[in-house]
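If you're matching them up, the sequences are chains A and B in order. If you count by numbering that gives the first Met the number 0, then the first sequence holds residues 0 to 114, one letter each, in order. If you count by numbering that gives the first Met the number 0, then the second sequence holds residues 0 to 892, one letter each, in order. Don't be surprised by glycine CBs; every beta carbon is placed ideally from N, CA and C. Quick notes on the structure that follows.
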Amino acid sequence: MATEESKSTILQGTLDLMVLTTLNSMGPLHGYGIARRIEQVSEDAIALNQGTIYAALLRLQQKHWISSSWGNSEHNRRAKFYAITATGRKHLESEAREWDRMASVMGKLLAAGRG
Amino acid sequence: MRDRLFTVLSRVRGLFGRRRADEEFDTEIAQHLDLLTEEYVRRGLSPEDARLAARRSFGGIAQAQETQRELRGVPLVDTLWADVRYAFRTLRNAPGFTLVAVLTLALGIGVNTTLFSAFNAVALKPLPVADPGNVVRLERWFEPAMNGTIQYAFSYPEYLYFRDRSAAFAGTVASSWPLRVQGENEEFLAQTVSGNYFATLGIRAVLGRTFLPEEDSAPGAHPVVVLSHAFWERRYHQDPLVLGRTLMLNGSAFTIIGVAPENSPGTAVTPQPIDMWAPIAMQTELAPGSNWRDDPNYRQFILLARLAPAADGKRAQAEAGVLMRQFTASHRESDKTIALTLQRPTYLGNTEDIRFLMAVAALMLVVGLVWLIACANLANMLLARAAARQREIAVRLALGAGRGRIVRQLLTESTVLALLGGTAGLLLSGWCAKLLWLQIEETVLGRTTGAMGISLAPDLRVFGYTLLLALATGVIFGLSPALQFTKADLTTALKQEGATFGARLSRSRFRSLLVAGQVAASTLLLVTAGLLIRGMLRSRDVRPGFDASVYVLSADFARDTKKGAAIEQLVRDRLRSLPEVRGVAIGGVPMTGTWTPPVYAGGASARTLASYASPGYLSTLGIPLLRGRDFTALESQRGDPLAIVSKRTAEVLWPNSDPIGKRLQLDLHFDGALKEFAVIGVAADVRFANLSRVDPLHAYLNYDGSRLDPLLVKASPGALGAIRNEAATAALTRPQNVYASSLQDGPLRMQRVFARMFAQFAALLAILAITLAGIGIYGVMAYLVSRRVKEIGVLMALGADAGDVLRTVILQGLRPVIVGSVLGFAGAGALSAVLHSTLSFPGSSDLLYGLPWWDPVTFLGITLLLAAIAALASAVPARRALRVDPMVALRWE
Numbered sequence: 000m001a002t003e004e005s006k007s008t009i010l011q012g013t014l015d016l017m018v019l020t021t022l023n024s025m026g027p028l029h030g031y032g033i034a035r036r037i038e039q040v041s042e043d044a045i046a047l048n049q050g051t052i053y054a055a056l057l058r059l060q061q062k063h064w065i066s067s068s069w070g071n072s073e074h075n076r077r078a079k080f081y082a083i084t085a086t087g088r089k090h091l092e093s094e095a096r097e098w099d100r101m102a103s104v105m106g107k108l109l110a111a112g113r114g
Numbered sequence: 000m001r002d003r004l005f006t007v008l009s010r011v012r013g014l015f016g017r018r019r020a021d022e023e024f025d026t027e028i029a030q031h032l033d034l035l036t037e038e039y040v041r042r043g044l045s046p047e048d049a050r051l052a053a054r055r056s057f058g059g060i061a062q063a064q065e066t067q068r069e070l071r072g073v074p075l076v077d078t079l080w081a082d083v084r085y086a087f088r089t090l091r092n093a094p095g096f097t098l099v100a101v102l103t104l105a106l107g108i109g110v111n112t113t114l115f116s117a118f119n120a121v122a123l124k125p126l127p128v129a130d131p132g133n134v135v136r137l138e139r140w141f142e143p144a145m146n147g148t149i150q151y152a153f154s155y156p157e158y159l160y161f162r163d164r165s166a167a168f169a170g171t172v173a174s175s176w177p178l179r180v181q182g183e184n185e186e187f188l189a190q191t192v193s194g195n196y197f198a199t200l201g202i203r204a205v206l207g208r209t210f211l212p213e214e215d216s217a218p219g220a221h222p223v224v225v226l227s228h229a230f231w232e233r234r235y236h237q238d239p240l241v242l243g244r245t246l247m248l249n250g251s252a253f254t255i256i257g258v259a260p261e262n263s264p265g266t267a268v269t270p271q272p273i274d275m276w277a278p279i280a281m282q283t284e285l286a287p288g289s290n291w292r293d294d295p296n297y298r299q300f301i302l303l304a305r306l307a308p309a310a311d312g313k314r315a316q317a318e319a320g321v322l323m324r325q326f327t328a329s330h331r332e333s334d335k336t337i338a339l340t341l342q343r344p345t346y347l348g349n350t351e352d353i354r355f356l357m358a359v360a361a362l363m364l365v366v367g368l369v370w371l372i373a374c375a376n377l378a379n380m381l382l383a384r385a386a387a388r389q390r391e392i393a394v395r396l397a398l399g400a401g402r403g404r405i406v407r408q409l410l411t412e413s414t415v416l417a418l419l420g421g422t423a424g425l426l427l428s429g430w431c432a433k434l435l436w437l438q439i440e441e442t443v444l445g446r447t448t449g450a451m452g453i454s455l456a457p458d459l460r461v462f463g464y465t466l467l468l469a470l471a472t473g474v475i476f477g478l479s480p481a482l483q484f485t486k487a488d489l490t491t492a493l494k495q496e497g498a499t500f501g502a503r504l505s506r507s508r509f510r511s512l513l514v515a516g517q518v519a520a521s522t523l524l525l526v527t528a529g530l531l532i533r534g535m536l537r538s539r540d541v542r543p544g545f546d547a548s549v550y551v552l553s554a555d556f557a558r559d560t561k562k563g564a565a566i567e568q569l570v571r572d573r574l575r576s577l578p579e580v581r582g583v584a585i586g587g588v589p590m591t592g593t594w595t596p597p598v599y600a601g602g603a604s605a606r607t608l609a610s611y612a613s614p615g616y617l618s619t620l621g622i623p624l625l626r627g628r629d630f631t632a633l634e635s636q637r638g639d640p641l642a643i644v645s646k647r648t649a650e651v652l653w654p655n656s657d658p659i660g661k662r663l664q665l666d667l668h669f670d671g672a673l674k675e676f677a678v679i680g681v682a683a684d685v686r687f688a689n690l691s692r693v694d695p696l697h698a699y700l701n702y703d704g705s706r707l708d709p710l711l712v713k714a715s716p717g718a719l720g721a722i723r724n725e726a727a728t729a730a731l732t733r734p735q736n737v738y739a740s741s742l743q744d745g746p747l748r749m750q751r752v753f754a755r756m757f758a759q760f761a762a763l764l765a766i767l768a769i770t771l772a773g774i775g776i777y778g779v780m781a782y783l784v785s786r787r788v789k790e791i792g793v794l795m796a797l798g799a800d801a802g803d804v805l806r807t808v809i810l811q812g813l814r815p816v817i818v819g820s821v822l823g824f825a826g827a828g829a830l831s832a833v834l835h836s837t838l839s840f841p842g843s844s845d846l847l848y849g850l851p852w853w854d855p856v857t858f859l860g861i862t863l864l865l866a867a868i869a870a871l872a873s874a875v876p877a878r879r880a881l882r883v884d885p886m887v888a889l890r891w892e
């Protein structure tokens, strides 16, 4: 899926986490807003097929980690807004801890390898 | 795994309203693209380019939609839905096949559903009262724990005790056993009920009102009745002005205050067409000469209770048990109550009785056979159809369809068929159950009243049962054809089907197996029906050996057995003086139940029928005394241990010597305590236990005046009025309290009616079975012929004549029929022999009425019938085989 030179593809399963953390920090957003935010934060380092975000949103909804409702966007257009739920937040916390742990282990290992 | 659960739930929810979800998602995508386009415009692209860039950045729209859809629903269900639609399409394209298959299954499933509906109506459905889940029927257990209607009998003081003390019951109601009451010129069946009866059960009058509590307080104060709907229809033609009219019952005027709704069965535990209800306080008027209200041992009432809102069944049960113990401790019980249980009130009582359940299971087994035959037909037809679709299946396999996928689709098809069949069967059973019930009413009552208050309408249980049966049919009998035909190796199948000689041997063997099974099952049913019909025919001409015109007189002489017996003897002596009476005696009534204690004489031991007989009993019943003498009045008074035995009994117990003066010992109470009797006479053999056979052993014991056996009176029908009057005068009661019916109208008629009903039922099932099996045989023959057109062509080209061809085809077709019928005959013979062996017990009845268990007429007749049907079923396909033109057949490629 690597279409453009230096952009990384998304690791399997990490998109869900990105969406969760985005919703956690930004509050309710519509699909476009989430995609946009992820691209901005990653400073366009991630090539996001924006359509794929909706699969993640549906998956997360089915797990009751996020909820959705129709509302009006900034331009007063009807849009579907997504918000993180309490269980979603809990899940995000444990998942984030896991990521930190993995990252630090990976960092140490790589550093040792270089050293 | 809560997340999992949520996912599954929302996916299931996603199965519905998918169009809306699709539309919503489309809007969402459109929004997204708009926003994205605006963003690109802001970055300086032209609107056109911006839109394209937005598209690129979004990725495949169709893919996103597809992913959504997949995630949203349950894939299995989605394909199932597609399969179902496909199944309907293919079935519509083969209307003939579909029609025959559905009709076949409708018959097979319909018969089973009918039986289940009947069982459901009498044993599972709650009574039609308001909120039936909270209503219980009180059931007591006497020592020794025995089943019977006696378990539902409670006395009025017991009722009051429960009503006033139970906290778990919100209301307790009592209803008496049905009473015959005398109208102006006809008899009615009335039931006395407690004043709260209708209100507590939530039965509302369709006209007028039901009882007020105060109407059941002061004895005799409120002569009011509520009519049953059927009675209102029958006698008043639903006249709404019936309210306020009076009805003379036993000479007292009763005011009609209301009409109960239809299907208001009363709460008796045996079906009775109740005409009207009256308050218990009116008991003296309706059942004069007795007092039900004060004696704790006078058990006249059935009790039902509505549980209090807070009470659960277990607590209510425990409390009722305690109350029962407390009450029984307060007085001497005539029979000891050992336990009290609460049960769901259903149309019949004692439905948990193992004997009842066994009878139902036996019937289920029989109709289950019919179902199996229908299923075998379905499997056969599916096989033939799958064979015809071999190429279609092979193509799909070749194009990469998974085998599991195709099996699933074929299974869906057979299940759809089975469900259609089940639906038709359900409709069919609706009629059948009604017909069956009318037949039963007619049999039991001698008329159809519609007053038995049963509701045969199918409920959830019936739907569930039919659904399960249909699903089982579709899956079990569709599986084998589906598996067989997806196994096919592609190259052979893709080539023209008929090109392969003698291939798929295993497949035709499977079909033969099905036919053999079908034929075996229908032979079994046919032989059974044949035997029963032969028995029924004999039952019409069989003479019981005693005088069946004799009347049985019964009345409620007194509560106390001793007092009652004394009054009864008084009545007997008074009747003897009437000139119209040609004989009167007290003793056992033929065909009303058996008592078979073990008997020991000399070295021999056996079980014998036994009954009591007063002096003159044998001559009253017209049973010849072959040797010895009758009991004398003095011997009866003293209660001497004497017996008269039947001729066969004498032959069994004393084969080589004179029975007179011999002694025999009886274990009267089945407890090992033997009582010795001296034989003083030998009576002719009769059919006492039942009409079906001469009693193997029978001992008439000297009646000692301590028992309440019925009175038997020999007189002409015209004398009946005088006899009832005289008996009533002697017993100080009213003539309408003395019941009289002759043996031939009572027990004898019932015996014949049951023989007829059995035979009809069996014949119906057998006809059904043989029809279905005939269709099956036809199907196989037709299949065989069509498969072998080419082979037949070769045979003919090589010079075989019509006879050879016919022989080949028919022999192969008939082999499973022969195997099946041999098996069926063996099974029927075994069944008949087993039933016959139960005759060693003196009380059991012989359904064949004395025919040997291998009755040659039946077995030979059924063989011929089967042969004829098999020949008929194979004639058409065989003719088609004969018409095969070798030239055409060989080119049939």
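| Query | Result |
| --- | --- |
| Proximity below 8 Å, CB of Ala78/A to CB of Gln408/B | no |
| Helix, strand or coil at Val551/B [DSSP, three-state] | strand |
| Residue-chain proximity (Ala54/A, chain B), Cβ-Cβ < 8 Å | yes |
| Residues that Thr837/B bridges to, as DSSP identifies them | DSSP, once it has assigned bridges, lists no residue as partnering Thr837/B. |
| Length of the line joining the Cα atoms of Ser68/A and Gly30/A | 12 Å |
| Under 7 Å from the C-beta of Lys89/A: neighbouring residues of chain B | Neighbours of Lys89/A on chain B: none; closest Cβ ~11 Å, over 7 Å. |
| Spatial distance of Ile337/B from Trp140/B (CA atoms) | 6 Å |
| Cross-strand partners of Tyr599/B (DSSP beta bridge) | Ser604/B, Gln664/B |
| The segment 750-762 of chain B touching the segment 557-572 of chain B, judged by at least three CB pairs closer than 8 Å | no |
| Cβ contact (3+ pairs, closer than 8 Å) linking the segment 667-687 of chain B and the segment 629-646 of chain B | yes |
| Collapsed DSSP secondary structure at Arg573/B in the structure displayed | helix |
| Under the three-state DSSP convention, the category Ala169/B falls into | strand |
| Min CB distance Phe5/B to chain A below 8 Å | yes |
| Contact with chain B by Gln127/A, beta-carbon distance below 8 Å | Any question about residue 127/A goes unanswered here, given that chain A covers just 0 to 114. |
| Under the three-state DSSP convention, the category Pro125/B falls into | strand |
| For Val712/B, the residue or residues it bridges with in DSSP | Tyr550/B, Val583/B |
| Interface flag, Asp2/B vs chain A, CB-CB below 8 Å | yes |
| Nearest neighbour of Val712/B, chosen from Leu285/B, Ser289/B, Leu552/B [CA to CA] | Leu552/B |
| Test: Lys79/A CB closer than 8 Å to a CB of chain B | yes |
| Delimiting residues of the beta strand (DSSP E) encompassing Met275/B | 275-278 |
| Environment of Gly72/B [buried if 16+ CB atoms lie within 10 Å] | buried |
| 8 Å Cβ cutoff met for Tyr599/B and Leu673/B | yes |
| Alpha carbon of Ala762/B to alpha carbon of Leu79/B, nearest angstrom | 42 Å |
| Residues that Gly106/A contacts on chain B, provided the C-beta gap is smaller than 9 Å | Within chain B, no residue comes near Gly106/A; the closest Cβ sits about 30 Å away, beyond 9 Å. |
| Pair within 8 Å by beta-carbon distance, Thr171/B and Leu302/B | yes |
| Backbone secondary structure at Asn349/B - three-state DSSP | coil |
| Chain-ordered neighbours of Leu14/A on chain B, where CB pairs are closer than 9 Å | What Leu14/A touches in chain B: nothing, since even the nearest Cβ is about 13 Å away. |
| Three CB pairs or more closer than 8 Å across the segment 195-202 of chain B and the segment 125-139 of chain B | yes |
| Length of the line joining the Cα atoms of Leu625/B and Ala683/B | 6 Å |
| Reference Arg55/B, options Ser45/B, Glu65/B, Leu32/B, closest by Cα | Leu32/B |
| Opening and closing residue of the beta strand (DSSP E) in which Phe300/B lies | 298-306 |
| DSSP bridge partner residues for Asn701/B (one or two, in chain order) | Ala612/B |
| Contacts of Leu34/B in chain A (Cβ-Cβ under 7 Å) | Tyr31 |
| Reduced DSSP category for Ala897/B - H, G, I as helix; E, B as strand; rest coil | What is shown of chain B runs 0 to 892, which leaves residue 897/B out entirely. |
| Assigned secondary structure, Ser511/B (DSSP; H/G/I helix, E/B strand, else coil) | helix |
| Given Gly529/B as reference, the closest of Trp853/B, Ala53/B, Ala52/B, Arg879/B once Cα atoms are compared | Trp853/B |
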